[in-house]
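What follows is a single structure, written as structure tokens, with notes after it.
Protein chains: 2
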Amino acid sequence: MSITSYRPADGTVAGSVPDTTPAEVDAVVAAASAAAPLLAAASPTTRAGWLLAVATALEAHADELAALADTETALGLPRLTGEVGRTAAQLRFYAGVAVEGSWLGVSVDSATPTSPELVRLNRSLGPVAVFGASNFPFAFGVLGNDTASALAVGCPVVAKAHPAHALTCERLAEIATAALTEAGAPAGAFGMVAGMDAGVGLVRADGITAVGFTGSQAGGLALWRLANERAVVIPVFAEMGTVNPAVLTPRALEHPDRLEQVARGFVGSFTLGSGQFCTKPGMLLAPAGEGVAEAVGAALTEAAPSATMLTERIASAAIDGVERLLAAGATEVARAKGPGAGWSADAVVLRAAAGALRDGSPLLEECFGPVAIVVEYADDAELATALDALQGSLAGTVVTDGSGTDPGAADLVDRLAGKVGRVTVDDWPTGVAWTWAQQHGGPWPSTSAPAATSVGAAALGRWVRPVTYQSVPDAALPEAARAANPWQLPRRVDGVLALP
Amino acid sequence: MSITSYRPADGTVAGSVPDTTPAEVDAVVAAASAAAPLLAAASPTTRAGWLLAVATALEAHADELAALADTETALGLPRLTGEVGRTAAQLRFYAGVAVEGSWLGVSVDSATPTSPELVRLNRSLGPVAVFGASNFPFAFGVLGNDTASALAVGCPVVAKAHPAHALTCERLAEIATAALTEAGAPAGAFGMVAGMDAGVGLVRADGITAVGFTGSQAGGLALWRLANERAVVIPVFAEMGTVNPAVLTPRALEHPDRLEQVARGFVGSFTLGSGQFCTKPGMLLAPAGEGVAEAVGAALTEAAPSATMLTERIASAAIDGVERLLAAGATEVARAKGPGAGWSADAVVLRAAAGALRDGSPLLEECFGPVAIVVEYADDAELATALDALQGSLAGTVVTDGSGTDPGAADLVDRLAGKVGRVTVDDWPTGVAWTWAQQHGGPWPSTSAPAATSVGAAALGRWVRPVTYQSVPDAALPEAARAANPWQLPRRVDGVLALP
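Chains A and B are the protein sequences, given in the same order.
Final position of the first sequence in the numbering used here is 510; the numbers increase by one with none missing.
Final position of the second sequence in the numbering used here is 510; the numbers increase by one with none missing.
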């Protein structure tokens, strides 16, 4: 058996990658398990050297990788070349976060007459299974945020190749393996498997200690259930994406040019990458009777995006999704035809009344692709009810009057903060910066672990657990926690933060 | 329907507490939900005032509470009076941790030409359901670590009364409610329900956002499964306890007096509170042929503990547990008879060969009560295999030669750290200090969330999730995250930790 790779632009076959056999999965996991203590024992500085080597190798192969990925995804060379650069930058960022060392959480309580000495710090979990996304073959792929953050804390990674770009995954694995070997990382630090059965086998494998996933709710929840059925249950950090609502404040449209500006911005955001973003704003909550739906429809017609989708299944799901929304009470406002050839979908703007947002309605669910609904509310009470009805999302957006002092912003920001992991103001949510303060993860069902993030410095925290050492002689402590603080880490000593 | 409270000393009825009806559960959860935004909006200093008021009220009622709890638990007045004091101290500790504010995790990334301003901080989840333990009616009870840490971060608590000491729970709830009201906390900040069905209803209630549990694996995993079946899955932090292995280093017995000292210490630890500690060391891994099992047996006979158990069910489970261990290949070394009257169990020392520790063996499972096994290994290889076979535990202990420089300590500390949440050296694990560096939680199945702790400063982190605010005007940010830093919090600014 093998995975067939297709060209979305015309639906022809681009190549194939063999499925990994169960015995091969076992061997890859065994290699990762053997590498685990070596990676965990390496200092963050040593591991940073490995990550930097992978980053440099990616950049050296940027053109080749972008061309290969464009064949398999049709996302375009400029976007894909940029994404290779972003992925290299992410690897460097996580390396730096690892060296800074706050993620180790070193905390020391001196002994007192009634309490023993306690030293607490985080410990790497062990081999991590990474299921990358269809829509970001590099930044959220086999060498993306999950892999980079896991390697940074000393967890070996076994990635699963994504069927939407299996050839690209295979090439990425070759490049990473060569770079890691060259940089002196232990064999088994990174491995890859391919095929649905191999993915299931990976989650079930005794040696795997945690799972990172980016993709659909169906896929993420299936892995989460599998992991919960293990004898030793392991955490699944599934980032699944949802509707990502945007809401207009009462004053947002007071200025005459604001409506057209908002409509264009919204269309630009929800059709970016053919709407294949987990942070796509899929819903715009707007006052009825202000012409918002019409303006968004006009902006779509003007922009006239031509959406080629990543896979045949994603294309048909987008088409079916529009039908499902129409059947649930939405009506069509405007449509931009897809290219027709290959994996084609239309970009569509729909409208619905806020009253239709009831528990169980398809209007509350993500339609992955270049599709968005303008939801019209009659008054504040109807808006409040609609906001309560929303599922948890990764991101939510407040659109204000643009002045920076809109008095309606604070209330909507707070309400959305109860529903999402990231709130933006006058800033469409489709960009996800990989920085210290990022949170990419929201309430269930947008992620399976709402307290975790898959992007940003805190992403490292997913792959560790704390251990406290009680009355343990200094020489028997992990190096990071010894009294001399050899790694120059920020520490908490008797409850007080101390910088190195 | 009602819960009958018994006197373990003689098995007579002490009283009863009515079961909470489904309508009453709904009302308690609704009150908690209504209180949630008020608690979340209060500053940590304000909330600390509420916790301190509860602490003071507990101390004022210490004698009354200890006497009532002794009737229901037979744990003895000295222990119970001390535990009330400890519970008050815990409340004050968590109040201080809340005010220090690191748990809010404020992180600010300034805008750059390619990246927007991001401000990340933790947000209270909302109403938390707390299922306290049978064995610590105060410190891990309805006003214990879970409740104190949840209130500290602004989450209302709905506790479930424990059937082993329902009258004590009822009285604690009265005292806490009066103290909170007096201190100005919103109505609904704390509530209680009683009865098995009410507990199930609580975990299923839409308004509940997280669950804290301390108790048996059967109980904890049942709640975890219930929570995983919700439409909106919520986290369950179940601290369930397991075997808590202790291991002798090769040199541990070189000194002539060491064996007797270790045997006495081990017996003291595993029979403390009739062995009803989740951190009870249930297994001592020792070299064969050194007389360790005999010495432990002799120490038990000498100590002659007389174990009254918390409930009839716990007593019979301890008795059945010994039979199960014997059937699995253990042999009896010594036995101290229980008092016979009431909920009585014998204290028992067993021995088994390390080779009997195979997957699925009852020898690898907790026997809650005054029961321990000396597991004898022939050589290092057999010890290594035995350690690998162990389930995850809350704590593990290394017994060295006592010199502080035992060269065998570091390796065993590291191996146990892979299996437990807390490693102690020459220090029995039954005490759990409530300090900054504590970790009370270990790998599955000792806890359902191995990265979390139910004791210590990090316990607050269970009841929050991060939200990032992107391009949000200062006035629309939560107060904790505003540029002027009005709460004087430690913050990370552009990746650099800054103390207030």
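Yeah, the Cβ is synthetic: ideal placement off N, Cα and C, and Gly gets one too.
Any Cβ of chain A within less than 8 Å of the Cβ of residue i?
i, result
"Trp511/B", "As displayed, chain B neither begins before 11 nor continues past 510, which places residue 511/B out of reach and without an answer."
"Ala419/B", "yes"
"Ser371/B", "no"
"Trp353/B", "no"
"Asp436/B", "yes"
"Ser112/B", "yes"
"Thr311/B", "no"
"Pro126/B", "yes"
"Gln271/B", "no"
"Arg57/B", "no"
"Trp497/B", "no"
"Arg492/B", "no"
Helix, strand or coil for residue i, going by three-state DSSP, please let me know.
i, result
"Pro88/B", "helix"
"Thr415/B", "coil"
"Phe200/A", "strand"
"Met11/B", "coil"
"Asp356/B", "coil"
"Gln480/B", "strand"
"Met250/B", "coil"
"Glu7/A", "Because chain A spans 11 through 510 in this model, residue 7/A falls outside it and cannot be assessed."
"Leu153/A", "coil"
"Asn238/B", "helix"
"Thr191/B", "helix"
"Ser284/A", "helix"
"Asp424/A", "helix"
"Ser117/A", "strand"
Between residue i and the rest of its own chain, which residues show a CB-CB distance below 7 Å, the 5 nearest in sequence each way excluded?
i, result
"Ala167/B", "First, the amino acid is wrong: residue 167/B is Val here, not Ala. Counting only Cβ-Cβ distances below 7 Å, and skipping sequence neighbours, we find Val138, Val140, Thr157, Ala160, Leu161 and Phe200."
"Ile244/A", "Ile218, Thr219, Ala220, Val221 and Ala237"
"Pro372/A", "Arg334, Leu335 and Ala338"
Does residue i pass the burial test, meaning 16 or more other C-beta atoms within 10 Å, or should it be called exposed?
i, result
"Lys170/A", "buried"
"Val221/A", "buried"
"Asp416/A", "buried"
"Gln449/A", "buried"
"Ala121/A", "exposed"
"Val23/B", "exposed"
"Lys290/A", "buried"
For chain B, find out if any of its Cβ atoms is closer than 8 Å to the Cβ of residue i; answer yes or no.
i, result
"Tyr104/A", "no"
"Asp119/A", "yes"
"Arg268/A", "no"
"Ser159/A", "no"
"Asn145/A", "no"
"Leu404/A", "no"
"Gln227/A", "no"
"Thr463/A", "yes"
Give the straight-line distance between the Cα atoms of residue i and residue j, rounded to the nearest whole angstrom.
i, j, result
"Ala486/A", "His71/A", "44 Å"
"Gly471/A", "Ala248/A", "14 Å"
"Val408/B", "His265/B", "16 Å"
"Arg368/B", "Thr341/B", "17 Å"
"Arg261/B", "Pro453/A", "52 Å"
"Tyr387/A", "Ser53/A", "55 Å"
"Gly307/A", "Gly211/B", "46 Å"
"Arg133/B", "His172/B", "29 Å"
"Val503/A", "Asp119/A", "6 Å"
"Glu74/A", "Asp80/A", "10 Å"
Among residues of its own chain, excluding the 5 on either side of residue i, which ones have a beta-carbon nearer than 6 Å to its beta-carbon?
i, result
"Ala149/A", "Glu93, Arg96 and Thr97"
"Ala84/B", "Pro18, Ala19 and Thr318"
"Ala44/B", "Gly198"
"Thr478/A", "Leu128 and Arg130"
Find the residues of chain C that neighbour residue i, judging by a C-beta separation of less than 8 Å, and give them in chain order.
i, result
"Val433/A", "Within the model displayed, chain C is absent; protein chains A and B are what it includes."
Only counting the same chain, and skipping five residues up and downstream in sequence, which positions put a Cβ closer than 8 Å to that of residue i?
i, result
"Glu375/B", "Thr252, Val253 and Gln401"
"Ala305/A", "Leu269, Glu270, Val272 and Ala273"
"Leu404/B", "Glu249, Gly251, Thr252, Asn254, Cys288, Thr289, Val430, Gly431, Arg432, Pro439, His450, Gly451, Gly452, Ser456 and Thr457"
"Pro126/B", "Gln480 and Ser481"
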